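Asker: Attaching a single structure in structure tokens format; questions to follow.
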Amino acid sequence: MVQPADWNNFRVDQISWPTFAKRNLIHWDLIRETVRRAAGSALEVGVGSGAQSALISRWVPHTVTVDNDARIMKAALPNLERFGPRTRVVGADAFRLPFADQSFGVSLSQGLMEHFSDEQIHGLVREQLRVCRSVVFSVPSDRYPRQDVGNERLMTPAQWAAIIGGVADASRYTVRARYYRGDLEALKYSILARKALGSFSVLVTIDRKRG
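Numbered by UniProt numbering, the letters in the sequence shown go through residues 1 to 211 in order.
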């Protein structure tokens with residue numbers, strides 16, 4: 001049983017250009033795989049600071065980010081206005097997205113799925129696959145050194161692949177899960193610890209098969 005996240009303790013601050021660059025460099029694997037699949041449109045589920053969707057909107061003309069927390073959305077708006085003014089922000093329930101089927105090329109999320117049970121993850125993925133051709137998300141891995149909100153499920157790529165396999169039928173979708181390649185955050189901590197700690201993030205991709 002996954003305990004509900006205490007989002008009241010989750011803060012979103014206005015970020016500087018160096019912080020904007022750092023957050024996107026850390027998650028470059030996520031950014032790259034998202035842009036590759038976008039085909040002109042991308043949907044971010046869970047706005048956070050807005051850093052990822054702001055950068056993606058510079059390459060993907062139709063970029064939308066959704067969240068159901070008005071406090072977080074309000075805090076992220078100055079970041080989006082500064083770094084990604086073309087990004088559209090929509091208040092929405094991720095389990096009931098207000099978009100037509102196959103409205104976007106790809107959906108993305110960073111640091112979202114790990115806060116939910118298997119059944120809830122299935123609901124989130126099912127809804128994103130309804131409105132998008134592909135789904136890309138990253139989560140902290142089993143090697144991540146802490147729980148930022150308090151209920152994170154820190155798992156391996158194999159564990160994530162098994163969960164997603166329960167909702168994305170192998171006859172219709174290709175599911176891949178792996179550790180980040182070139183994880184800069186993990187590299188920093190490895191240098192401080194004077195030993196290799198491995199990647200701190202898992203990248204999951206779900207692609208609809210052709211035909």
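Every residue, glycine too, gets a C-beta built ideally from N, C-alpha and C. Computed from a predicted model, the values in this text were never measured in an experiment.
Along the chain, where does the beta strand (DSSP E) that runs through THR205 open and close?
Answerer: Residue mapping note: residue 205 aligns to position 205 of the sequence shown, counting from 1. It spans 201–208 - the beta strand (DSSP E) in which THR205 sits, taken as one unbroken run.
Asker: Measuring straight from C-alpha to C-alpha, what distance separates TRP17 and SER49?
Answerer: The sequence position of residue 17 within the sequence shown is 17, counting from 1. The sequence position of residue 49 within the sequence shown is 49, counting from 1. The alpha-carbon atoms of TRP17 and SER49 are separated by roughly 13 Å.
Asker: Looking only at C-alpha atoms, which of TYR179, TYR189, ALA193 sits nearest to TRP28?
Answerer: By one-based count along the sequence shown, residue 28 stands at place 28. Comparing Cα positions, the closest option is TYR179.
Asker: Hey, out of VAL167, ALA39, GLU185, whose CA is closest to residue 215's CA?
Answerer: Any answer about residue 215 is impossible in this case: the structure gives the chain only from 1 up to 211.
Asker: Counting beta carbon pairs with one atom in the stretch 112–123 and one in the stretch 145–152, are three or more of them shorter than 8 Å?
Answerer: Cβ pair count under 8 Å is three or more, so yes.
Asker: Does HIS27 come out as helix, strand or coil in the three-state DSSP assignment?
Answerer: Here the question's residue 27 lines up with position 27 in the sequence shown. In the structure shown, HIS27 sits in coil (DSSP, three-state: anything other than H, G, I, E or B).
Asker: Could you tell me the distance, in whole angstroms, from the CA atom of ALA158 to the CA atom of VAL202?
Answerer: Position 158 of the sequence shown, counting from 1, holds the residue named residue 158. Position 202 of the sequence shown, counting from 1, holds the residue named residue 202. Rounded to the nearest angstrom, the two C-alpha atoms are 10 Å apart.
Asker: With a floor of 4 residues, list each alpha helix (DSSP H) that falls wholly inside the stretch 69–146, ordered by position along the chain.
Answerer: Segments of the alpha helix (DSSP H) lying fully in the stretch 69–146: 70–83, 118–131.
Asker: Given that a residue counts as buried once 16 or more other Cβ atoms are within 10 Å of its Cβ, and exposed if not, what is ARG32?
Answerer: For this step, residue 32 is matched to residue 32 along the sequence shown. ARG32 is exposed by the Cβ-count criterion.
Asker: Quick one: what does DSSP say ALA196 is sitting in, helix, strand or coil?
Answerer: In the sequence shown, counting from the first residue as 1, residue 196 sits at position 196. DSSP places ALA196 in coil when its eight states are reduced to three.
Asker: Could you please give the first and the last residue of the uninterrupted alpha helix (DSSP H) stretch that includes SER53?
Answerer: As a first step, residue 53 is located in the sequence shown; it is residue number 53 there, counting from the start. That run of the alpha helix (DSSP H) goes 51–56.
Asker: Kindly indicate which residue of ARG11, ILE56, CYS132, SER103 has the alpha-carbon position closest to the one of ALA21.
Answerer: Mapped onto the sequence shown, residue 21 falls at position 21. Out of ARG11, ILE56, CYS132, SER103, ILE56 has the C-alpha closest to the C-alpha of ALA21.
Asker: Do three or more CB pairs link the stretch 162–179 to the stretch 87–100 at distances below 8 Å?
Answerer: No contact exists between the stretch 162–179 and the stretch 87–100.
Asker: If you draw a straight line from the C-alpha of VAL125 to the C-alpha of ALA193, how long is it?
Answerer: Here residue 125 refers to the residue found at position 125 when the sequence shown is read from its first residue. Here residue 193 refers to the residue found at position 193 when the sequence shown is read from its first residue. Their Cα atoms are separated by approximately 36 Å.
Asker: Based on DSSP bridge pairs, tell me the residues matched to ALA42.
Answerer: Your numbering for residue 42 matches position 42 in the sequence shown. THR63, VAL106.
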